[in-house]
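Using the numbering used here, the letters of the sequence shown map in sequence onto residues 130 to 359.
Scroll down for the structure; my scribbles are underneath it.
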Amino acid sequence: MAYSSDPDYRPTIGILLYPGYTLLDLAGPQIAIGNQGNTLLFWKDKNPVRGDNGPELVPTTTFAEYDGHLDVLLVPGGFGVEDAMGDPEIISFLRRAAKTARIVSSACTGTLLLAAAGLLDGRRVTTHWFVYETIEKNFPEIELVRDARVVIDGNVYTSGGVTAGIELGIRLLEEAKGARVAATTELAMCYDPQPPFGVGSPSKAGPDLLQAAIKYAEKIGTEKLWQTAP
Numbered sequence: 130m131a132y133s134s135d136p137d138y139r140p141t142i143g144i145l146l147y148p149g150y151t152l153l154d155l156a157g158p159q160i161a162i163g164n165q166g167n168t169l170l171f172w173k174d175k176n177p178v179r180g181d182n183g184p185e186l187v188p189t190t191t192f193a194e195y196d197g198h199l200d201v202l203l204v205p206g207g208f209g210v211e212d213a214m215g216d217p218e219i220i221s222f223l224r225r226a227a228k229t230a231r232i233v234s235s236a237c238t239g240t241l242l243l244a245a246a247g248l249l250d251g252r253r254v255t256t257h258w259f260v261y262e263t264i265e266k267n268f269p270e271i272e273l274v275r276d277a278r279v280v281i282d283g284n285v286y287t288s289g290g291v292t293a294g295i296e297l298g299i300r301l302l303e304e305a306k307g308a309r310v311a312a313t314t315e316l317a318m319c320y321d322p323q324p325p326f327g328v329g330s331p332s333k334a335g336p337d338l339l340q341a342a343i344k345y346a347e348k349i350g351t352e353k354l355w356q357t358a359p
């Protein structure tokens, strides 16, 4: 059931930016729900913020300007997430925004940021398989669901790695506007995954591919956060 019966209602989606975010982690969910709502991009100031593979986005608002009104708080993952976890301004903003947001959500390794802010204690969540062990070792109060695309626990929505964020966005839209609007959007987006190799999750890939993927992450990342096994 949608949380508004008004067909013209446009939910407000607040997305956290930070240096080293993954573009698809925010673009995937945003393209699903954003056309039906209003999107705010939050950062400390309004200078461009660079993602982990190059593109920069310009914030539309700042932490200080947050007025306490969000339908959805969305936290993307990225190779900059470890530095972001240690940033007190980011953690403070997340805690403040989560108090008033209808839904608190994360895509990919953004789950780590919500965990670092203490917003996932006692919750069932998922994340990118690169950081399964990081979650389990450092946040034992969180119940990790492995090999899941989207996990919903109350008002907390989390998704698996990168492309799962598109499904997250569709689920967020379903919650905001109802199943019919979400289904129509899924069709309009041509969201019908047919992966060419069918190995997009650890359960479908052999050990050689898993190790190759870990080495890939180590090469483009800067920390050992990603050294994990499913």
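Each residue gets a CB set at the ideal place from its N, CA and C atoms; glycine is no exception.
Here the structure is a predicted model, which is why all the values come from computation and not from measurement.
- The beta carbons of ALA131 and LYS306 sit about 5 angstroms from each other, so the pair counts as a contact at 8 angstroms.
- Bridge pairing for TYR138: absent [DSSP].
- Across the structure, SER288 and VAL187 are spaced so that their CA atoms are roughly 24 angstroms apart.
- The three-state reading of DSSP puts GLU272 in strand, counting E and B together.
- Straight through space, the alpha carbons of PHE171 and GLY207 are spaced by roughly 16 angstroms.
- The DSSP assignment places 141-145, 167-172 and 201-204 as complete runs of the beta strand (DSSP E) inside the region 141-212, in order along the chain (cut-off: 3 residues).
- The beta carbons of ILE220 and ALA246 sit closer together than 8 angstroms.
- The beta carbon of LEU297 sits closer than 7 angstroms to those of PRO158, SER234, ALA236, VAL279, TYR286 and SER288, all from its chain and outside the five residues before and after it, given in chain order.
- By the C-beta criterion, the region 307-325 is judged not to be in contact with the region 255-271, since fewer than 3 inter-stretch pairs fall below 8 angstroms.
- DSSP, read as helix, strand or coil, puts VAL260 in helix.
- Under the three-pair Cβ rule at 8 angstroms, the region 306-318 does not count as touching the region 173-183.
- With respect to VAL210, LEU241 sits close: the two C-beta atoms are nearer than 8 angstroms.
- A straight line joining the alpha-carbon of ASP154 with that of THR229 spans about 23 angstroms.
- Counting along the chain, SER332 sits inside no alpha helix (DSSP H), nor does DSSP assign it H or E at all.
- Excluding residues up to 5 positions away in sequence, LEU153, ASP154, GLY157, PRO158, ALA236, CYS237 and SER288 lie with their Cβ nearer than 7 angstroms to the Cβ of GLY294 in the same chain.
- Your pair LEU203 and ILE264 does not check out as a contact, with CB atoms roughly 19 angstroms apart and the cut at 8 angstroms.
- Inter-residue distance for ARG139 and ALA227 is about 19 angstroms (C-alpha atoms, whole angstroms).
- Where VAL310 is concerned, the enclosing alpha helix (DSSP H) starts and stops at 308-317.
- The distance from the Cβ of LYS175 to that of THR191 is about 6 angstroms, consistent with a contact at the 8 angstroms cut-off.
- Unbroken alpha helix (DSSP H) stretches of 4 residues or longer found wholly inside the region 208-255: 210-214, 217-229 and 239-245, given in chain order.
- Exposure of HIS198 is indicated by the presence of fewer than 16 other C-beta atoms within 10 angstroms of its C-beta.
- With 16 or more other Cβ atoms from the protein chains shown falling within 10 Å of its own Cβ, ASP200 counts as buried.
- Relative to the Cα of GLY251, the nearest Cα in the group GLY283, GLY290, PHE222 and GLY215 belongs to GLY283.
- Put simply, of ALA213, LEU223, ALA341 and ALA308 the residue whose alpha carbon is nearest the alpha carbon of ALA193 is LEU223.
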